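A.B. asks: There's a structure below that I have some questions on.
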Amino acid sequence: MTIGGMENVEVFTSEGKGRGLKATKEFWAADVIFAERAYSSVVFDRNTLWPPPPIVVVLMLHGDPKFKCSSSNLCLVNVVCHTCFKRQEKLHRCGQCKFAHYCDRTCQKDAWLNHKNECSAIKRYGKVPNENIRLAARVMWRVEREGGGLTEGCLVSVDDLQSHVEHFGEEEKKELRGDVDAFLQYWPPQSQQFSMQYISRIFGVINCNGFTLSDQRGLQAVGVGIFPNLGLVNHDCWPNCTVIFNNGKGLDLQVTAVPRLAVTSEHVEGAPSDWDLSLVLESSPAFHVASESASLGVEVVIFETQLLETLKSIHPTPDLMDSSALPCSRIELRALGKISEGEELTVSYIDFLNVSEERKRQLKKQYYFDCTCEHCQKGLKDDLFLGVKDDPKVQAAPLLGCFWPSQEVVKEMIQFSKGTLEKIDKARSEGLYHKVVKLCRECLQKQEPVFADTNIYTLRMLSTVSEVLSYLQAFEEASHYARRMVDGYMKLYHPNNAQLGMAIMRTGLTNWHAGNIEVGHSMICKAYGILLVTHGPSHPITKDLEASGFLGQAMRMQTEMELRMFQQNEFMYHKMRKAALNNQPMQVMAEPSKEPAPALFHKKQ
Numbered sequence: 025m026t027i028g029g030m031e032n033v034e035v036f037t038s039e040g041k042g043r044g045l046k047a048t049k050e051f052w053a054a055d056v057i058f059a060e061r062a063y064s065s066v067v068f069d070r071n072t073l074w075p076p077p078p079i080v081v082v083l084m085l086h087g088d089p090k091f092k093c094s095s096s097n098l099c100l101v102n103v104v105c106h107t108c109f110k111r112q113e114k115l116h117r118c119g120q121c122k123f124a125h126y127c128d129r130t131c132q133k134d135a136w137l138n139h140k141n142e143c144s145a146i147k148r149y150g151k152v153p154n155e156n157i158r159l160a161a162r163v164m165w166r167v168e169r170e171g172g173g174l175t176e177g178c179l180v181s182v183d184d185l186q187s188h189v190e191h192f193g194e195e196e197k198k199e200l201r202g203d204v205d206a207f208l209q210y211w212p213p214q215s216q217q218f219s220m221q222y223i224s225r226i227f228g229v230i231n232c233n234g235f236t237l238s239d240q241r242g243l244q245a246v247g248v249g250i251f252p253n254l255g256l257v258n259h260d261c262w263p264n265c266t267v268i269f270n271n272g273k274g275l276d277l278q279v280t281a282v283p284r285l286a287v288t289s290e291h292v293e294g295a296p297s298d299w300d301l302s303l304v305l306e307s308s309p310a311f312h313v314a315s316e317s318a319s320l321g322v323e324v325v326i327f328e329t330q331l332l333e334t335l336k337s338i339h340p341t342p343d344l345m346d347s348s349a350l351p352c353s354r355i356e357l358r359a360l361g362k363i364s365e366g367e368e369l370t371v372s373y374i375d376f377l378n379v380s381e382e383r384k385r386q387l388k389k390q391y392y393f394d395c396t397c398e399h400c401q402k403g404l405k406d407d408l409f410l411g412v413k414d415d416p417k418v419q420a421a422p423l424l425g426c427f428w429p430s431q432e433v434v435k436e437m438i439q440f441s442k443g444t445l446e447k448i449d450k451a452r453s454e455g456l457y458h459k460v461v462k463l464c465r466e467c468l469q470k471q472e473p474v475f476a477d478t479n480i481y482t483l484r485m486l487s488t489v490s491e492v493l494s495y496l497q498a499f500e501e502a503s504h505y506a507r508r509m510v511d512g513y514m515k516l517y518h519p520n521n522a523q524l525g526m527a528i529m530r531t532g533l534t535n536w537h538a539g540n541i542e543v544g545h546s547m548i549c550k551a552y553g554i555l556l557v558t559h560g561p562s563h564p565i566t567k568d569l570e571a572s573g574f575l576g577q578a579m580r581m582q583t584e585m586e587l588r589m590f591q592q593n594e595f596m597y598h599k600m601r602k603a604a605l606n607n608q609p610m611q612v613m614a615e616p617s618k619e620p621a622p623a624l625f626h627k628k629q
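25 is the number of the first residue of the sequence shown in our numbering; add one for each residue after it.
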């Protein structure tokens, strides 16, 4: 596969949607359909607390811990590399503008072509403009260098991307005028001068096509980029693809360049004799193969080096041998399941976890189109999102022979839940985490006889309370709420949804910390399987799951080893675990994020 890999797709006119992309060949789950480097990208300029501060003094006031920290608020631009968007504690700063930061000389060298004009503009301007203005400037500097036509590997030019400026409301138009005025002050007089209409259009393109760039753990949005090819992929609430941002070099792209091959036992030393499999070749730290023994629960594992040597001997290709062609930071469009040749490729622009009417409202407001996907047209899963309990103990009128909470009771509970969520947001912003837990417990207790565990208001409470309790080291209680949350998610999300995989991973780790070894190991393995599809084996999140283990060992391997010990001698296992934990320094978990998980597509705040 080339860096763009665009031979796998073609542009077509999608009925009711306009332009779209469709597959030119068959794909399977976890296949990388194409990868794309950003046309232009920038780091956010928002404040954040990084790293999570060490606790110097802990004061208990009204039951709430007040942390006196030795760190102060740092800006994202100071702790995130401006090339690969990885978060680092120590970065090299540009000696000229004192603004850009990089992991090392390699990242700084890679960034110079895009930073050169920015560097001098910031020095002349005397301050750093916001991310939208910086991104618009980077786009126009590239247009100045290369022209507004198609660039290498692109199916569409940045000039041909949708801007929807004509659909802006009065408030959006006012913000646009402010951005254009600020841009004109920042834009150097010696650079090519663009018309007001063109500048406005570029801001519209950023507003509609900006893709959120997350840090290497995928836990926080740290930047925004423009990816023209990705801009051609249409939305579906139940998509057949997902798109992720990969911060580093990996082997996924090389291996997906190799055709589907039959790998048998004669190719791999020590492989089971029943191997005769057609594989979608994808390298990973641990490449899993479902053999004919899969029904017996047998898992075959080939490690990365062995797999690559095998592939090279079977099918030597320049792409497979050469890693220099791999883009560093890139988005990857990955298949969530089987995709037939000629099938349209879709991603979800927003989180699926909401009723269809709310999703449609959000899409209309943010992206200016009416969603006509099957899930929105038929209201699929809406009954689960607003699920209530069929409980004869609830005092309500009978309906069709069953006792349900009355509509008035449900309406009151929804309003109460919304009010509690507002109080929780305020308490979280003030760092009052014991108050957050108290509010969640009270709300869940009141929701219990009314809402089902798939109800979105219950799920929001379960997500918040499990995260905060984990931060407060109350793992046993947190694990209970987290398992309820995951049970609900699994009934709602696509089985290969990235958010589901991340939630199961966190729940597995919480259960492991709580001493629930069997549950923890099972969930960690399940999460790993999902993340291999959604993120791939080379993504930092997937690697983190393998390498974030107890006492420095791989988490999946560690939990499997502990599970065997637990099953053989439960008493001795607990003694050994306690002794090991006693020898470890106290660990302070990262402070719960005050923001939801990063959305795929960036909207101006």
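Beta carbons: idealized from backbone N, C-alpha and C, even for Gly.
The structure displayed is predicted, hence computed values, not measured ones.
1) Helix, strand or coil: which one does DSSP assign to residue 45?
2) Give a yes or no on whether the C-beta atoms belonging to residue 551 and residue 54 are separated by under 8 angstroms.
3) Do residue 398 and residue 46 have their beta-carbon atoms positioned less than 8 angstroms apart in this structure?
4) Run the CB neighbour count on residue 37, radius 10 Å, all protein chains shown included, and call it buried at 16 or more, exposed below.
5) Below 8 angstroms, how does it come out for the segment 200 to 212 and the segment 151 to 164: are there three or more Cβ pairs, yes or no?
6) At the level of alpha carbons, what is the spacing between residue 111 and residue 124?
7) So, residue 482 versus residue 516, is the Cβ gap smaller than 8 angstroms?
8) Measure the CB-CB distance between residue 506 and residue 530 and report whether it falls below 8 angstroms.
9) Suppose you measure from the CA of residue 77 to the CA of residue 107; what does that come to, to the nearest Å?
10) Whose CA, out of 362, 548, 185, 150, lies closest to the CA of residue 391?
11) For a test of the three-state rule: what should DSSP assign to residue 358, helix, strand or coil?
12) Which residue or residues does DSSP assign as beta-bridge partners of residue 237?
13) Please identify the residue among 201, 535, 513 whose C-alpha is closest to the C-alpha of residue 525.
14) With respect to the beta strand (DSSP E) encompassing residue 145, which residues constitute its N-terminal and C-terminal limits?
15) I think residue 253 touches residue 58, with their Cβ atoms under 8 angstroms apart; what is that distance to the nearest whole Å?
16) So, helix, strand or coil for residue 474, using DSSP?
17) Compute the beta-carbon to beta-carbon distance between residue 56 and residue 356, rounded to the nearest angstrom, for a pair I have assumed lies under 8 angstroms.
18) Could you tell me which of 508, 63, 122, 361 sits nearest to residue 169, measuring between CA atoms?
19) Name the residue from 49, 545, 139, 103 whose alpha carbon lies nearest to the alpha carbon of residue 120.
20) What's the call for residue 547, buried or exposed, on a 16-neighbour Cβ count within 10 Å?
21) According to the neighbour-count rule (16 or more other Cβ atoms, all chains shown, within 10 Å of its Cβ), is residue 365 buried or exposed?
22) Nearest to residue 251 by CA position, among 99, 378, 235, 445, is which residue?
23) Please report the residue range of the beta strand (DSSP E) in which residue 549 lies.
24) Taking contact to mean 3 or more Cβ pairs, one atom from each stretch, closer than 8 angstroms, check whether the segment 555 to 568 and the segment 237 to 246 are in contact.
25) On the DSSP bridge list, what partners appear for residue 631?
26) Which word fits residue 284, buried or exposed, when buried means at least 16 other C-beta atoms lie within 10 angstroms of its C-beta?
27) Specify the secondary structure class of residue 397 as computed by DSSP and reduced to three states.
28) Between which two residues does the beta strand (DSSP E) carrying residue 51 extend?
29) Less than 8 angstroms separating the beta-carbons of residue 61 and residue 354?
30) Using beta-carbon positions only, say whether residue 260 and residue 370 come within less than 8 angstroms of one another.
31) Look at the Cβ atom of residue 538, then the Cβ atom of residue 500, and state whether they are nearer than 8 angstroms.
32) Which one of 195, 180, 216 has the shortest CA to CA distance from residue 229?
C.D. replies: Checking against the coordinates, here is how it stands:
1) strand
2) no
3) no
4) exposed
5) Verdict: yes, contact present.
6) 13 angstroms
7) no
8) yes
9) Residue placement at residue 77 cannot be trusted, given a pLDDT of 33 that sits under 50; what the coordinates show is reported in the next sentence. One C-alpha to the other measures close to 25 angstroms.
10) Comparing Cα-Cα distances from residue 391 to each of 362, 548, 185, 150, the minimum goes to 185.
11) strand
12) 247
13) 513
14) Per DSSP, residue 145 belongs to no beta strand (DSSP E); it is in the alpha helix (DSSP H), 129 to 149.
15) 7 angstroms
16) coil
17) 5 angstroms
18) 63
19) 139
20) Counting Cβ neighbours within 10 Å, residue 547 comes out buried, since at least 16 surround it.
21) exposed
22) 235
23) Segment 541 to 558 is the alpha helix (DSSP H) holding residue 549; no beta strand (DSSP E) there.
24) yes
25) Because the chain is modelled from 25 through 629, residue 631 falls outside the range shown and cannot be assessed.
26) Residue confidence is low: residue 284 scores 33 on pLDDT, short of 50, so the model does not pin down where it sits. No coordinate-derived value is stated.
27) coil
28) Note, residue 51: premise wrong, no beta strand (DSSP E); not H, not E.
29) yes
30) Yes, they are a contact pair.
31) yes
32) 180
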